[in-house]
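J.: Those letters in the sequence shown? Residues 2 to 186, per this note's numbering, in order.
Before we start, here is the structure in question, set down as structure tokens.
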Amino acid sequence: MITFAVLAVVMVVGALGVVLLRQPVHAALSLVGTLLTLAVVFVTLQAHFLAAIQVIVYGGAIMVLFLFVIMLLNLKEEATKTRAAYRWVAYGVGVIAAAAIAVGALLDPRQAPDALAVSEALRGGSPELIAEVLFGEFMLAFQLVGVLLLTGMVGAVALVQRHNEPPRPGTPLADASRRDARGTR
Numbered sequence: 002m003i004t005f006a007v008l009a010v011v012m013v014v015g016a017l018g019v020v021l022l023r024q025p026v027h028a029a030l031s032l033v034g035t036l037l038t039l040a041v042v043f044v045t046l047q048a049h050f051l052a053a054i055q056v057i058v059y060g061g062a063i064m065v066l067f068l069f070v071i072m073l074l075n076l077k078e079e080a081t082k083t084r085a086a087y088r089w090v091a092y093g094v095g096v097i098a099a100a101a102i103a104v105g106a107l108l109d110p111r112q113a114p115d116a117l118a119v120s121e122a123l124r125g126g127s128p129e130l131i132a133e134v135l136f137g138e139f140m141l142a143f144q145l146v147g148v149l150l151l152t153g154m155v156g157a158v159a160l161v162q163r164h165n166e167p168p169r170p171g172t173p174l175a176d177a178s179r180r181d182a183r184g185t186r
């Protein structure tokens with residue numbers, strides 16, 4: 002229990018770093034720390050397959066993709082500043098969501114899974130069992146997470162794009178649109 006509490010504190014600090022750090026690369030590195038700490042939690046639950054997938058897929062491939070996009074966008078200081086009103090709205094939504102989860106866990110503690118139950122359900126984290134649980138008992142949750150991820154991607158694209166502005170000269174998007182206008186590929 003103490004190990005989980007320490008790992009949970011490290012993960013929360015890493016997650017706060019993702020949200021609060023102003024430099025995108027620093028936020029991405031904070032996310033790497035959070036993802037690796039989650040892999041350690043999986044190891045403590047005897048789910049070694051999930052820990053390996055967490056490190057390989059999320060800690061490796063996805064973070065390389067994030068860093069590639071950050072470098073490709075070439076964010077300037079003015080592009081990283083957000084409007085204060087939007088930031089406070091996002092903080093408010095986060096606090097409300099965290100409070101709703103905490104109230105739900107306090108009102109009906111039986112709904113909150115404990116570490117032993119999760120470890121027993123995974124039985125070592127074999128891929129067959131994970132697929133059976135994910136696509137059986139938790140199929141609706143799995144689908145909702147997919148919709149949530151899609152919403153996040155659409156939101157990220159909407160935030161990055163500027164309305165009715167042509168691409169900046171010298172960026173890959175501007176070069177591609179110029180080649181398409183000439184009819185060459």
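Even glycine gets a Cβ: it sits at the ideal position worked out from N, Cα and C.
Since the model is a prediction, treat every value here as computed from it, not as a measurement.
Quick check on the burial criterion: 16 or more other C-beta atoms within 10 angstroms. Buried or exposed for residue 55?
T.: Residue 55 sits at position 54 when you count from the first residue of the sequence shown. Residue 55 should be labelled buried.
J.: I'd like to know if the region 32-39 and the region 8-20 are in contact, where contact means that at least 3 CB-CB pairs between them fall below 8 Å.
T.: As far as the Cβ criterion goes, the region 32-39 touches the region 8-20, which means the pair count is three or higher.
J.: Does the region 36-51 touch the region 3-12, meaning 3 or more C-beta pairs lie closer than 8 Å?
T.: Yes: the two stretches touch, three or more of their Cβ pairs being nearer than 8 Å.
J.: Look up residue 139 in the DSSP assignment and say whether it is helix, strand or coil.
T.: Walking along the sequence shown from the start, residue 139 turns up at place 138. Residue 139: coil per DSSP, three-state reduction.
J.: Roughly how many whole angstroms lie between the Cα atoms of residue 25 and residue 88?
T.: Here residue 25 is taken as the residue at index 24 of the sequence shown, counted from 1. Here residue 88 is taken as the residue at index 87 of the sequence shown, counted from 1. If you take the alpha carbons of residue 25 and residue 88, they lie about 16 Å apart.
J.: Span of the alpha helix (DSSP H) holding residue 34?
T.: Numbered from 1 along the sequence shown, position 33 holds the residue referred to as residue 34. 25-45 is the span of the alpha helix (DSSP H), which, as asked, contains residue 34.
J.: Which whole-angstrom value describes the C-beta separation of residue 29 and residue 68, a residue pair presumed to lie in contact below a C-beta threshold of 8 Å?
T.: For the purposes of this step, residue 29 is taken as the residue at position 28 of the sequence shown. For the purposes of this step, residue 68 is taken as the residue at position 67 of the sequence shown. Sure, about 6 Å apart at Cβ, within 8 Å.
J.: Is residue 48 helix, strand or coil by DSSP?
T.: Here residue 48 refers to the residue found at position 47 of the sequence shown. DSSP places residue 48 in coil when its eight states are reduced to three.
J.: Should residue 135 and residue 143 be called a contact, given that it needs their Cβ atoms to be closer than 8 Å?
T.: Here residue 135 refers to the residue found at position 134 of the sequence shown. Here residue 143 refers to the residue found at position 142 of the sequence shown. The answer is yes: Cβ separation under 8 Å.
J.: By Cβ distance, which residues of its chain are closer than 6 Å to residue 19, with the 5 residues on each side in sequence left out?
T.: Here residue 19 is taken as the residue at index 18 of the sequence shown, counted from 1. Hits under 6 Å: 28, 31, 32.
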